[in-house]
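Notes follow the structure.
Protein chains in written order, with the working numbering: chain E, 33 to 232; chain Z, 33 to 232.
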């Protein structure tokens, strides 16, 4: 095999392995409540949010391509590590370790230069280490809140989540976008008013 | 409502409507053959292919952000127009008209400047009117072929598709990337050799 085709073979192995993300289901339901959402479609919806909403980021000079790269890659590790529900404190304890191991294996399928590039985008996202990462994390938090609001609070009620928890977890949306955090607070108020989120 | 919040409300209306793309199912199965793939997860997988493979485009000076915008938006119209199987000649006849109407409605949910911007990205993709559009279309063709190959040719056999049809439809991959068309031809040869695609 030539080095050209061996490079392509490594890239295709990564792309093929990534198909498994379509079988990693999240706690969130899609808005019509018919079923839970998987990580692949969640990642697409985030990328749509990013291209539509990045003008609302706190930092007006964001690199949209950098945001998209993070958003496209951000959940890949869950192929090995599984989805961790954001309100599940026990399961969150070893989450970082499980995800680091997954990142080693999955990005390791790629040619070395791309493995480094994709891993560093993922590390930057995880650490919230740039305005782009903070904006990507903001839409990653807003998205399940929005779906859950549209689905009548189905995940909140299933897990007994109350408004103060939603605020404590999601106020970090403001690190990426004050405007989106203001919007999210409006959703919380409407969910309380309609009785789908306990005001506790 | 201030003009700021009314702009955001229009953007969110578009994002919320787009959730329906998760219920538009394609002919392709995911690679483990457990179920058909939906348009949202397909669009994510294409964006992953784009960031991984764009170095193989015929034109070495592509704008990756432009490709990603097209790939993220390319199937949105199917919320109204439905998925049209690429080998279904009868259904393809009124496809363009159905999709134009859908584009009017769906992109029309956005603030006017974004409606124009997103619509023009979609038009450019549809027309294959730039190197970026031709590369995006190349991965959009390669992706179902790859899944189908991995799934043992399940969609080909269900619809009685033979190798000459696969070649006739997919040779356009070469308009965006000769390297990916070469790879795709390798898949066709392997599918024929393993008996999953009739050599006719």
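From the three backbone atoms N, C-alpha and C, an ideal C-beta is built for every residue, glycine too.
### Range of the contiguous beta strand (DSSP E) that encloses residue 60 of chain Z
Where residue 60 of chain Z is concerned, the enclosing beta strand (DSSP E) starts and stops at 57–61.
### Query
Under three-state DSSP, which class holds residue 70 of chain E?
Three-state result, residue 70 of chain E: strand.
### Query
Three or more beta-carbon pairs under 8 Å between the region 130–142 of chain E and the region 56–75 of chain E, yes or no?
Judged by Cβ distances under 8 Å, the region 130–142 of chain E makes no contact with the region 56–75 of chain E, as fewer than three pairs qualify.
### Message
Taking only three categories from DSSP, how would you classify residue 116 of chain Z?
### Response
The answer is coil: DSSP assigns residue 116 of chain Z none of H, G, I, E or B.
### Message
Could you check whether the Cβ of residue 98 of chain E sits closer than 7 Å to any heavy atom belonging to the ligand SAH?
### Response
Of the ligands one can find in the structure shown there are none, so the ligand SAH has no counterpart to examine.
### Query
Do the CB positions of residue 89 of chain E and residue 208 of chain E come within less than 8 Å of each other?
Cβ distance < 8 Å, so residue 89 of chain E and residue 208 of chain E count as in contact.
### Query
How should residue 79 of chain Z be labelled, buried or exposed, when 16 other C-beta atoms within 10 angstroms of its C-beta is the threshold for buried?
By the Cβ-count criterion, residue 79 of chain Z is buried, with 16 or more other Cβ atoms from all chains shown falling within 10 Å of its own Cβ.
### Query
How big is the Cα-Cα spacing for residue 166 of chain E and residue 218 of chain Z?
Taking C-alpha positions only, residue 166 of chain E is separated from residue 218 of chain Z by approximately 42 Å.
### Message
Once DSSP output is grouped into helix, strand and coil, what is the label at residue 204 of chain E?
### Response
DSSP places residue 204 of chain E in coil when its eight states are reduced to three.
### Message
Between residue 54 of chain E and chain Z, is the shortest Cβ-Cβ distance under 8 Å, so that the two count as touching?
### Response
It does; some Cβ of chain Z falls within 8 Å.
### Query
Do you know how far the Cα of residue 186 of chain E is from the Cα of residue 223 of chain E?
For residue 223 of chain E and residue 186 of chain E, the distance between alpha carbons rounds to 11 Å.
### Message
Spatial neighbours of residue 139 of chain E within its chain, please: C-beta separation below 6 Å, excluding the five flanking residues on both sides.
### Response
The residues are 147, 150, 151.
#### Entry: Three-state class that DSSP yields for residue 161 of chain E in the structure shown
In the structure shown, residue 161 of chain E sits in coil (DSSP, three-state: anything other than H, G, I, E or B).
### Message
Strictly under 8 Å for the Cβ-Cβ distance: is residue 70 of chain E near chain Z by that measure?
### Response
Between residue 70 of chain E and chain Z, the shortest Cβ-Cβ separation is below 8 Å.
### Query
Can the beta-carbon of residue 94 of chain E be found closer than 8 Å to that of residue 163 of chain E?
It is a contact, given that the beta carbons lie within the stated cut-off.
### Query
In whole angstroms, what is the alpha-carbon distance linking residue 50 of chain E and residue 86 of chain Z?
One C-alpha to the other measures close to 17 Å.
### Query
By how many angstroms is the C-alpha of residue 228 of chain E removed from the C-alpha of residue 173 of chain E?
The alpha-carbon separation between residue 173 of chain E and residue 228 of chain E amounts to approximately 19 Å.
### Task
Measure from the C-beta of residue 94 of chain E to each C-beta in chain A and report whether the shortest distance is under 8 Å.
Here the protein chains are E and Z, and chain A is not one of them.
#### Entry: Among E:230, E:76, E:75, E:171, the one whose alpha carbon lies nearest that of residue 210 of chain E
For the residues E:230, E:76, E:75, E:171, the minimum Cα distance to residue 210 of chain E belongs to E:171.
### Where the region 174–191 of chain Z meets chain E: residues whose CB sits under 8 Å from a CB there
Closer than 8 Å at the C-beta level to chain E, one finds these residues of the region 174–191 of chain Z: 178, 179, 182.
### Task
Starting from residue 47 of chain E, find everything on chain Z with Cβ-Cβ shorter than 7 Å and list it in chain order.
Among the residues of chain Z, those whose CB is under 7 Å from the CB of residue 47 of chain E are 80, 81, 84, following chain order.
### Query
Given that residue 146 of chain Z touches chain E, what residues does it touch there, using C-beta distances under 8 Å?
What residue 146 of chain Z touches in chain E: 84.
### The alpha helix (DSSP H) enclosing residue 192 of chain E, as first and last residue numbers
Boundaries for residue 192 of chain E: no alpha helix (DSSP H) harbours it, and the DSSP string shows neither H nor E there.
### Task
For the alpha helix (DSSP H) holding residue 88 of chain Z, just list the boundary residues, first then last.
Per DSSP, residue 88 of chain Z belongs to no alpha helix (DSSP H) and is neither H nor E.
### Query
At least one CB of chain Z closer than 8 Å to the CB of residue 73 of chain E: is that the case?
So, interface residue.
### Query
Contact check, residue 76 of chain Z vs residue 73 of chain E under 8 Å by CB: the rounded distance?
Contact flag correct, Cβ pair sits at about 7 Å.
### Query
Buried or exposed: residue 176 of chain E, going by 16 or more other Cβ atoms within 10 Å of its Cβ?
When all chains shown are included, residue 176 of chain E counts as buried.
### Query
Alpha carbon to alpha carbon, how far is residue 60 of chain Z from residue 117 of chain Z?
Residue 60 of chain Z and residue 117 of chain Z: Cα-Cα distance of roughly 9 Å.
### Message
Distance check for residue 145 of chain E and residue 113 of chain E, CA to CA, integer angstroms please.
### Response
If you take the alpha carbons of residue 113 of chain E and residue 145 of chain E, they lie about 24 Å apart.
### Query
In chain order, what residues of the same chain have a beta carbon less than 8 Å from the beta carbon of residue 55 of chain Z, not counting five sequence neighbours either side?
Its chain contains 70 as the residues whose beta carbon lies nearer than 8 Å to that of residue 55 of chain Z, once the 5 sequence neighbours on both sides are disregarded; these appear in chain order.
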